[in-house]
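Have a look at the structure below before the remarks.
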Amino acid sequence: MIAAALHGVRRSFGATPALDGVDLELRAGEVHALLGENGAGKTTLMRILAGLDRPDEGTVEVAGQPVEEFSPRAMRERGVAMVQQHFTLVPTMTAGENLALARPTGRLRPGARQARRRVEELAERYGLPVRADVPVERLSVGEEQRLEILRALDADARLLILDEPTAVLVDAEAERLLAVCRSLAEDGRAIVIITHRLSEVFAGCDRVTVLRRGSVVCAGEPVSAHDRASLATLMVGSAPVEPAASRRVRDGEVRLRVEGASRGRLQPLDLQVRAGEVLGVAGVDGNGQSELEELLAGIAAPDAGRVTVDGRPVPVGAPRERIAERIAYVPADRYRRALAGPLTLADNLELGRGERRRPPQARREERAAPVLAEWDVRGSGPSAPASSLSGGNAQKLVLARELAVGPRLVVAAQPTRGLDPEAARMISERILAAAADGAAVVWFGAELDELFAVADRLVVLAGGRATEPFTPPYDRGAVGLAMAGGHAS
Amino acid sequence: MDTLLTLATLAAAIRLAIPVAVAALGELVAERAGVLNLGLEGTMLFGALAGYLATLSGGTPWLGLGAGVLAGAACGGVLALLVVLVRADQIVTGLAFTLFAISATTYLFELSYTIGQAPPRIPSLSMVPLVVIVLVVLAGVWFVLGRTTAGLVLSAAGEAPEAVDALGYRIPVVRTLATVAGSSLAGLAGAMLVCGPLGLFVQNVTAGRGWVALALVVFARWRPGRAVAGALLFGLCDAAQLRLQGTATEIPYEVFLALPYAVTLLALMVRARRSGTPAALAVPFVRGAR
Amino acid sequence: MTLTRQPADPRTVPAPDGVLGRVLRRPDGRLAEAAVPIGAVLAALVVGGVLMGIEGVAPLSAYGEVVHGVFGRTRGLIDTAVIATPLVLLGLGIAVAYRARLFTIGAEGQYIAGALAGTAWVTIGPPLPGIVLLVSGLAVAVLTGAAWAGITAWMLARFGASVVITSLLLNYVAAAGLAWAVRVGIRDPDAFTPQSRPVGEAALPDIPGTGIHLGFFFALLAVPALAAVLRRTRFGFRVDVLGANPEVLAVNEARPARTRLAVLALAGALAGLAGFVEVAGVTERMTDAFATGYGFTAIIVALLGRLRPLGVLVAALLLAGLTVGFDEAERAFIIPSTTVGVIQALIVVFFVAGDALSRRRR
């Protein structure tokens, strides 16, 4: 029985299509894996199915009936529920209260005992234990996730979508979760697991669909028809890797040393990057990249181990010292960390680098103008607010500031994200130029092709651990496999 | 010290506590939904004026109480409109409203009687029915917040509005209703002040009780029972300091003036989470912001 | 995307849409900025005129009397300057704090605390020669005001406690302290009613040639001084960045907690200064009627002035002028004494509404 079907779904955000004519069929009684890299469109597709977004083109059917209204409430009534990566529980309320909030049993709310019983019954029925009387903020992440699933099941969901569910779980919990998914499917439900981990696909799923750049490259084929290598290749494509145009001299001194540094999801990590070298860091979001980014940029201190540049530890929580150490930071989230939208372009250039006594505004803008010109930041002049810049120009502004005085270390987190090709090329060139001038560069990337083109060496973060560095010529299949949490053997 | 704990002091404490308790219960409802209503003092003033004028024309203080509720609801509606619909800031709007109310109520009051004559007193209620009202309001607020689904949604709106929004409830509607309900109680409190043993209206009759109620909500950790108990405590301190003013003692009466606020400050010296502050208090809700 | 829930940080608030958001996103063109406050004032004056008309008072003559009350006699100008002084100083401090999105309502408490400390110093502290006494008194007042505000900053940094609530509570503590001090602590033994000793030699002299105490001069000086600080120092830069995006500040420029402390301390310092200046220049001693709500009026002044130093000065002078002028006009006409209060209140209402509406039209 077909639980849901999507036909020809298209969805674009701005100019770039996130989904380009996707067809998908989900059947009751099976666990379906939705596989793909960052930005492949998996979450976007499922959000549409869950009513959190609407397609630009195409149709969606649930249990044979076409979907007219795309809203979470409407889709919930049709039996579709999604457990997202952000949990949407009320932290100060207990599990029972959260359930009562999601599906009230009337004008009056149940007493404490009744609420507890409701939770316990559900937990028992589906094999998802959750403590009932504790505020959600005191639950473990695994328990929270189980509660989210219970909440969806309580609302009698027939189609359950789980977005990267095992990312927050330890292996034992992940196994148990997959077992629960299996039994839920046997009950006649359709389960969809969005994942990038091949082990899960083989351990718990019946069919698999692979998305790549918004298109379906493998449509609902049985898992048994594939092996890890073939799926990995489907995920990252099989185009040959072009050799990079020129290779820099890479025998400079070791600049950046990461020794046993761990924090959050990042397991103890050892890395070395030489002056003039570009180290690419690949991997699907959520495997320790943001932790590593924060450690390198001095936003947070490692729980263990150390991070040093030219022998000196990276200053933590002391931005001006970081800048004095000539560590450049180009964050992934521009407007959250790098640029203050309401302030002018000239002001943003001054962040972390201004003098105690500022020259008058006119003079500051005069000083800023040539810098803006040199870095080709196109906007309405130095006195325009930074929020008026397009993505590419905003990033050029960030680089203009961070790369101004020859840095020793450049931490670049997805520097070309959301940029048009021309801007991306310029950003790329500038960062490589900094490397040519002797900086050690750590480049976190989402696009494998880009990383292949710029990186002298490449590590993949998966499950919080880094692989041994890959060196050119890069084997796309092997890299893809590593990203999917497996090895070629 | 025994002069403090006489029945007279206790009675004075209760009398002082009554309007503050009701106002605090009202503010508590609004704040649990995430709305910091700095217009509380102003709403109480409008409620007091409405209570006075209604009693004057209607002849019975019960009419005044009813008018107070309606005036409070109207104030709440205006505030909610500005904050929710027009999206002005909660803090500025509330503050501006209170400052406006102080002048506006005085002006309107002076219009109501001829200058030169003493403004007439109104028939007033004794303390007993007022205490009953406080207990009824307490029971009502406790019941709604603690036992109904609506109360659950309201509390959740003040803790995790994104979660509530994701479930399909509309946060602006929830917060508007909470503001109107809370302001109705504030209006009632003002009317109770004037239609109670006081029996008259003067310029700025609430004399900062609304601000006290704001502090009281924090002291009470946003729980209704504690708000009323706290009001009594504040009332005791108030009565004590009034009583001590006449006598010569070692403890300066000003200690009792400052005590409730100092204690509340101490109570805040725990992590904001543990003090019970609604996580989304005074944070404007913008859908999709992350 | 995060895989776990981040605890809500009470200090990172999304950019406000409302009045403050508009004010903080300072639209281009000084003239455009001034449009709403000026409009609000004019509208309030018109409505005030209508109200007076209902009373049977001819509005134009009444306003004429108001203007005459301020400009037509020297006393009027002096009184305006004297009333404006604390409003300017308090308003400047609040403006800085609000630019950093620290919505303190504790100016009143800091005002009292500073005045009290300064008065205590000069009346029962070491006997110092006149000018030294005065200067040291000012210093004590400034430091105390800053420390009082510092409590709020500390409670925010350490416990995440809301600035609005803690600053409000501290107002009450200060008021209680005032009551005790004038009755017992620094009481003048020769006086019948509770009050402090007169400040005597520490009194502020007048600006030569006028009847205005030196405090007005301080206020006038403070305006360009603060403007310079805000526009031309790193601290001023950090205030703007903090108000725009605390995380950008933390990643690139400075620790937000430190900047917040500095901002609140500065606001408290100005408030404390205002308090002692009021004692040393106007009241000569402290009584329990000292607190007249300037701390709250100053919030309106700061908002009307669009959080700019010059704007604060203009708004303060305007509100002070209205008070003085109406005071005088009441002698000539039978205007309810609350009319000026209502007009002031209407200015606030029209400002808030007008600003929100102007934002929607964009």
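Residue numbers (numbering that gives the first Met the number 0), protein chains in the order written: chain A, 0 to 488; chain B, 0 to 289; chain C, 0 to 361.
The beta carbon of each residue, even a glycine, is placed where N, CA and C say it ideally should be.
- In terms of beta-carbon proximity, A190 of chain B stays away from the interface with chain C, with every pair separated by 8 Å or more.
- Look at D269 of chain A here: in three-state DSSP terms it is strand.
- Restricting attention to B:V285, B:T8, B:I13 and B:L44, the CA atom closest to the CA of V204 of chain B is found in B:L44.
- One finds I104, F295 and I298 in chain C with Cβ atoms closer than 8 Å to the Cβ of L94 of chain B, taken in chain order.
- Relative to the Cα of S274 of chain B, the nearest Cα in the group C:M154, C:A355, C:A301 and C:I206 belongs to C:M154.
- For P318 of chain A, the neighbours in chain C by C-beta distance under 9 Å run, in chain order, L248, A249, V250, N251, E252, A253 and R254.
- In the DSSP annotation of this structure, the continuous segment of the beta strand (DSSP E) that includes A461 of chain A starts and ends at R456 to A461.
- For P71 of chain A, the closest Cβ of chain C is not nearer than 8 Å.
- In the pairwise beta carbon analysis, the stretch 81-100 of chain C is classified as touching the stretch 292-306 of chain C: at least three pairs are separated by under 8 Å.
- D239 of chain C and R98 of chain C have their C-alpha atoms spaced approximately 6 Å apart.
- Taking 8 Å as the cut-off, the beta carbon of L312 of chain C is found no closer than this to the beta carbon of V339 of chain C.
- Residues are counted here when their Cβ sits less than 7 Å from a Cβ of chain A; for the stretch 142-153 of chain B these are R146, T147, T148, L151 and V152, given in chain order.
- In this structure, DSSP gives T232 of chain A a helical state, which the three-state scheme calls helix.
- Around the beta carbon of D284 of chain A, 16 or more other beta carbons lie within 10 angstroms, which makes this residue buried.
- Leaving aside the five residues that flank I426 of chain A on each side, the residues in its chain whose CB is nearer than 8 Å to its CB run, in chain order, G391, Q394, K395, L398, P414, T415 and L418.
- If you look at F218 of chain B, you'll find it isn't in any beta strand (DSSP E); it sits in the alpha helix (DSSP H) that goes R208 to F218.
- Around P128 of chain A, the same chain offers A122 as residues with beta carbons nearer than 6 Å, after the five sequence neighbours per side are excluded.
- Straight-line spacing of the CA atoms in S70 of chain A and R77 of chain A works out to 11 Å.
- Put simply, the backbone Cα of V341 of chain C is about 12 Å away from that of E109 of chain B.
- With a threshold of 16 other beta carbon atoms within 10 Å, F86 of chain A meets it and is buried.
- Out of C:A328, C:A301 and C:W179, the CA that lies nearest to the CA of A95 of chain B is found in C:A301.
- For A243 of chain C, the chain A residues whose Cβ falls inside 7 Å of its Cβ are A339, G340, P341 and L342, in order along the chain.
- Residue A:R356 holds the alpha-carbon nearest to the alpha-carbon of G235 of chain C among A:A189, A:S261, A:R356 and A:L177.
- Secondary structure at D346 of chain A: helix, using DSSP grouped into helix, strand and coil.
- Annotation for D22 of chain A: the continuous beta strand (DSSP E) segment containing it runs T15 to R26.
- For the stretch 154-183 of chain B, the set of residues with a beta-carbon nearer than 7 Å to any beta-carbon of chain A comprises A155, E158, A159, E161, A162, A165, L166 and G167, in chain order.
- Rounded to the nearest angstrom, the Cβ distance from D287 of chain C to V181 of chain C is 5 Å, consistent with a contact under 8 Å.
- By DSSP's assignment, I326 of chain A forms a beta bridge with A:L408.
- Here T246 of chain B is exposed: its Cβ has fewer than 16 other Cβ atoms, across all protein chains shown, within 10 Å.
- Around A445 of chain A, the same chain offers N37, G38, Q413 and R416 as residues with beta carbons nearer than 7 Å, after the five sequence neighbours per side are excluded.
- Under the Cβ criterion of 8 Å, R106 of chain A is counted among the residues facing chain B.
- Nearest C-alpha to V240 of chain A among A:A452, A:V133, A:G7 and A:A99: A:A452.
- Less than 8 Å divides the Cβ of V410 of chain A from the Cβ of E292 of chain A.
- For L342 of chain A, the number of other beta carbons within 10 angstroms of its own is at least 16, and it is reported as buried.
- Against L100 of chain A, the close residues of chain B are L151, V152, A155 and L166, in the order they occur along the chain (beta-carbon pairs closer than 7 Å).
- L265 of chain A is positioned such that its CB atom lies closer than 8 Å to that of G287 of chain A.
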